[in-house]
Structure formats: C-alpha cells, structure tokens
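Contents: one structure, followed by commentary.
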Amino acid sequence: MARTRRSLDERIEEQEQVVSKAKEHYEAELNKLEQLMQKRNEQKKKELLKVVEESDKSIDEIIELIRQAGASADDDDIES
C-alpha cells in the first residue's frame, strides 16, 4: 500500500505542477489580450476625437446626438 500511496502522491504533485504551469500560461495570455484590447480602445478614442475635431458640429451637439441615439436604442430594446 505504501508504494501505491507514494506513486499517487507523486502523480498528484506532478499534476499540480502541470496545472500551475497552465495557470501561468493562461494568465500571461490573458494579460496579452487585455493589453491588445486597451491598445484598440486607445486607437478608437483617437479616431473618435479626430472625427469630432473634423466635424462641423460642436461637442455639445455631438454629445446630444449620441444621447438621443442611445435613448432611441433603449426604446427599441423595450419594444422588442
């Protein structure tokens, strides 16, 4: 029985190491994903700012348009 128990304990330890490495890999990949998403969001913000600056509308007018579009979308969701 001692041999079986030791073998089982060794297998558990090995599997814990496998899981630990997988977790480290997952966390590293998740970090890469978060960085890429943050970079994309920064690009979108720059693009939005550029469009606002090039627009013939004031910032207040643009904000109002966005709010109206959001309210309209909310109304559509309620009707669905």
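Residue -8 is where the sequence shown starts when you use the working numbering, and the numbers rise one by one after that. For glycine and all other residues, C-beta sits at the position ideal for the given N, C-alpha and C.
Just verifying my parser: in three-state terms, what is the DSSP assignment at residue i?
i, result
"D67", "helix"
"E(-2)", "The residue you asked about is not Glu; residue -2 is Ser in the sequence shown. It is helical."
"D47", "coil"
Assuming residue i and residue j form a contact by the criterion Cβ under 8 Å, report the distance between their Cβ atoms to the nearest whole angstrom.
i, j, result
"S46", "I54", "So it is not a contact: roughly 12 Å between Cβ atoms."
"V42", "I50", "About 12 Å separates the two Cβ atoms, so there is no contact after all."
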